[in-house]
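Counted the way mature numbering (1 follows the signal peptide of the UniProt record, and there is no 0) counts, the sequence shown spans residues -23 to -1, 1 to 483.
Beta carbons are placed, not taken as given, at the ideal position from N, Cα and C, and that holds for glycine.
Owing to the predicted nature of the structure, the values given are computational and were not obtained by experimental measurement.
These notes are about the structure you will find just below.
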Amino acid sequence: MARGGYFFLLITIGLLASYVVDGLGVNWGQITTHILPPKVVVQMLKDNKISKVKLFEIDDATMQGLAGSNIEVMVAVPNYLLNSMTNPKTASQWVEKNVTKYLNQKPPVNIKYVAVGNEPFLAAYNGSFLNSTYPALKNVQTALNDAGHGDKVKATVPLNADIFMSPSNHYVPSAGYFRPDISTQMSDIAKFLDKNKAPFTINIYPFFNIYQNPGFPFDYAFFDGIKYPLMDDDIAYENSFDGAYDTLIMALEKVGVKNIPIIIGEVGWPTDGDKNANVELAEKFYRGLMKKIGNNMGTPLRPKQYIEVYLFGLLDEDAKDVSPGNFERHWGLFTQDGQPKFPIDLTGKGRNITLVGAKDVKMLPKKWCILRSDAKNETLIEETIKYACNYGDCTPLGMGCSCGNLDAAGNASFAYNVYYQTMGQKAGSCGFSGLAMETTKNPSSGNCTFAIRLAPPPTPSPPPASAPESGPPADGKAQSSKSSAYYYGPSLLLLLGLEVVASFFF
Ligand SMILES: *[C@@H]1O[C@H](CO)[C@@H](O)[C@H](O)[C@H]1NC(C)=O
Ligand SMILES: *[C@@H]1O[C@H](CO)[C@@H](O)[C@H](O)[C@H]1NC(C)=O
Ligand SMILES: *[C@@H]1O[C@H](CO)[C@@H](O)[C@H](O)[C@H]1NC(C)=O
Ligand SMILES: *[C@@H]1O[C@H](CO)[C@@H](O)[C@H](O)[C@H]1NC(C)=O
Ligand SMILES: *[C@@H]1O[C@H](CO)[C@@H](O)[C@H](O)[C@H]1NC(C)=O
Ligand SMILES: *[C@@H]1O[C@H](CO)[C@@H](O)[C@H](O)[C@H]1NC(C)=O
Ligand SMILES: *[C@@H]1O[C@H](CO)[C@@H](O)[C@H](O)[C@H]1NC(C)=O
């Protein structure tokens, strides 16, 4: 939309508010044990005037939920298909079955972009997608063009923010460049996108700056102003979002790509799973971000323009891989059953507005599972907690998290309950060798919620156990996973002979 340009904005100033609201996007990931019906989610999007979604896969139920809604959709070629997409024939089959089909059906799905891979150059993937991403991008766009969709549907590659950097001794956006180990690929990709009038897509997470660097200037992650801005010649940078965005602009210019539209593929703040992941900071972050977007503030290098963003994310995802951190399951503006977590004015006017939650949602009965008061065997309690937490999401129990203040018995109850709910309250799921019992009294207290999950229960097979020990899956499957620059970024930078501090400000 930025391509409409400054001029367009000036003449439509009266329509600005609705223009902005209409432009907002969200990421809709579905790595959950209990999935909200797509139609319910689409109604939520409409009720909150969210007009764009970004998906991480293509599944028919989701696509049919979006059909006829006119919501703009970014569909995705998952990382595990990138290699096969280097074959033009495979790419054209993928486009036919996964794009043409939905554009041509009645009612159609309003597909606007195809994301080719998801953060494929993440250092955690050890270069697995280094050689396939650019050919896959070319083949997908060519297939789109050949199928006659090229003018309307553009292929792009959502990339993580550690693809670019600045030298540690000149740590400013104007010195930005692409990471040396991927500079050839980045140059090819950027030029190709530019030539095809497709946007460059980048994910920006100021939360990671803080998570990764204890010494990071806290206020620089937010948008409320800071005492000592980062001076880049005569430009003062007051937040890491602008710093990262403008560093990317400079990196692009260094490979000869100017004025390419930039989309923020993911940006957001988690509400649990870390001491800095809570509702208060998320609200602060979003208030600043939405004000910036809603008022077309742009960045120092691209001032006064609308920035197209996809918030991350729409819903919590309780089965997401937590190797980057326990906060991974708590990125939602809404809980996984579609209830708003905090007030936020998506138009950026800063009003105290509650988002509209999911309607007609069927929940499991109001029953919980807790530790019996006469339970004694501590060894057994510990064993059963471990078992329960392998299936259910126990990340709120961590230090500084929403249930971090529970005593040992509270911990056990939380774990038993999360298992019981995850299993759809099915008979026998509140046993734990006789240590547990059902109750109709809600054990929640303060910020610690003993959540009830959506009905009906999942299919007979148990939900996927989380795998906290393993790294992100090599095949990139089921990844709406965040960039984790903090998690391998530093070692990568060291490998390149650069100081860790180089990732400090972005
Ligand atoms: C359509 O997309 C899905 C998900 O990415 C994939 O599994 C499937 O193979 C695709 N269909 C074709 C014909 O390529
Ligand atoms: C990518 O290509 C380079 C150069 O041809 C090769 O050395 C490397 O092993 C390839 N990487 C992968 C993951 O295929
Ligand atoms: C509950 O969460 C809010 C918002 O994050 C925080 O301000 C408050 O201190 C928390 N209360 C407790 C008891 O931890
Ligand atoms: C926002 O509104 C809610 C109720 O609608 C109220 O509880 C809350 O205190 C308000 N917050 C502010 C900052 O005014
Ligand atoms: C406690 O449970 C463990 C099994 O986890 C069992 O080996 C042990 O005998 C139990 N202790 C008592 C006192 O029942
Ligand atoms: C509760 O569980 C958390 C997470 O496993 C743990 O860090 C904490 O020490 C436990 N608290 C008690 C009192 O056992
Ligand atoms: C990347 O390499 C590391 C260390 O060699 C290994 O532990 C990890 O499993 C690898 N990850 C992938 C996705 O191949």
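query	result
When the Cβ atoms of the region 50 to 60 are set against those of the region 10 to 17, are three or more pairs found closer than 8 angstroms?	no
To the nearest angstrom, report how far apart THR417 and ALA228 are at their CA atoms.	58 angstroms
Check this for me: beta carbons of TYR283 and ASN273, under 7 angstroms apart or not?	yes
Per DSSP, what kind of secondary structure is CYS366 in: helix, strand or coil?	helix
Given 6 angstroms as the limit, tell me if GLN7 has its C-beta closer than that to any heavy atom belonging to ligand 1.	no
Which residues in the same chain as PRO280 place their Cβ atom closer than 6 angstroms to its Cβ, once the five residues preceding and following it in sequence are excluded?	none
Along the chain, where does the alpha helix (DSSP H) that runs through ASN180 open and close?	ASN180 -> not in any alpha helix (DSSP H); beta strand (DSSP E) instead, spanning 177 to 180.
Let me know the secondary structure DSSP gives LEU(-15) once reduced to three states.	The predicted position of LEU(-15) is uncertain, since its pLDDT is 34 and thus under 50; a value taken from the coordinates is nonetheless stated next. If DSSP states are grouped into helix, strand and coil, LEU(-15) belongs with the helices.
Going along the chain, which residues of its own chain have a beta-carbon closer than 6 angstroms to the beta-carbon of GLN456, five neighbours each way excluded?	With a pLDDT of 35 at GLN456, under the threshold of 50, the modelled position of that residue is not reliable, and no figure is offered here.
Answer yes or no: does any C-beta atom of chain B fall closer than 7 angstroms to that of MET40?	Here chain B cannot be found, since the structure has a single protein chain.
Using 6 angstroms as the cut-off, classify the Cβ of THR178 as near or not near the heavy atoms of ligand 5, replying yes or no.	no
My guess is that ILE88 and VAL52 are in contact by the Cβ rule of under 8 angstroms, so how many angstroms apart are they, rounded?	6 angstroms
Output needed for residue 492: all residues of its chain with C-beta closer than 7 angstroms, excluding positions within five of it in sequence on either side, in chain order.	Any answer about residue 492 is impossible in this case: the structure gives the chain only from -23 up to 483.
Does ligand 5 have a heavy atom nearer than 6 angstroms to the CB of LEU348?	no
With distances taken from CA atoms, which of ALA296, LEU292, LEU207 and GLY302 is nearest LYS252?	GLY302
Quick check on the DSSP output: the alpha helix (DSSP H) that includes MET40 runs from which residue to which?	37 to 43
Taking Cβ to Cβ, would you say GLY245 is nearer than 7 angstroms to PHE289?	yes
Look up GLU260 in the DSSP assignment and say whether it is helix, strand or coil.	helix
Name the two residues that bound the continuous alpha helix (DSSP H) containing ILE166.	160 to 172
Whose C-beta lies closer than 6 angstroms to the C-beta of PHE98 among residues of the same chain, with five residues either side of it excluded?	ILE140 and ILE159
By alpha-carbon positions, which one of TRP71, ASN424, GLN162 and GLY125 ends up nearest to LEU136?	GLN162
Buried or exposed: where does PRO183 fall if 16 or more other Cβ atoms within 10 Å of its Cβ makes it buried?	buried
Can you check the region 318 to 383 for any beta strand (DSSP E) of at least 3 residues that lies completely inside it and give the ranges in chain order?	345 to 348
Is GLY104 near ligand 3, judged by its Cβ being under 6 angstroms from some heavy atom?	no
For ligand 1, any of its heavy atoms closer than 6 angstroms to the Cβ of ASN75?	yes
With a Cβ-Cβ cutoff of 7 angstroms, do ALA352 and ALA392 count as a contact?	no
Can GLY423 be considered in contact with ligand 3, in the sense that its beta carbon sits closer than 6 angstroms to one or more heavy atoms?	yes
Which residue from LYS297, GLY265 and SER164 puts its Cα closest to that of LYS235?	SER164
How about the region 252 to 267 and the region 195 to 210: do they share at least three Cβ pairs that are nearer than 8 angstroms?	yes
Please state whether the Cβ-Cβ distance between ALA254 and PHE304 is less than 7 angstroms.	yes
Within the same chain, show all residues whose beta-carbon is closer than 8 angstroms to that of ALA44, passing over the 5 residues directly before and after it, in chain order.	TYR79, GLN82, PRO84, PRO85 and VAL86
Taking buried to mean at least 16 other C-beta atoms within 10 Å of its own C-beta, is SER460 buried or exposed?	Its pLDDT being 32, under 50, SER460 is placed unreliably in this model, and the value from its coordinates should be taken loosely. SER460 is buried by the Cβ-count criterion.
Name the two residues that bound the continuous beta strand (DSSP E) containing THR133.	131 to 133
Find out if the Cβ-Cβ distance for the pair ILE35, ASN75 is shorter than 7 angstroms.	yes
Per DSSP, LYS231 is paired with what?	LYS231 is not bridged to any residue.
Between the C-alpha atoms of GLY6 and ALA100, what's the straight-line distance to the nearest angstrom?	22 angstroms
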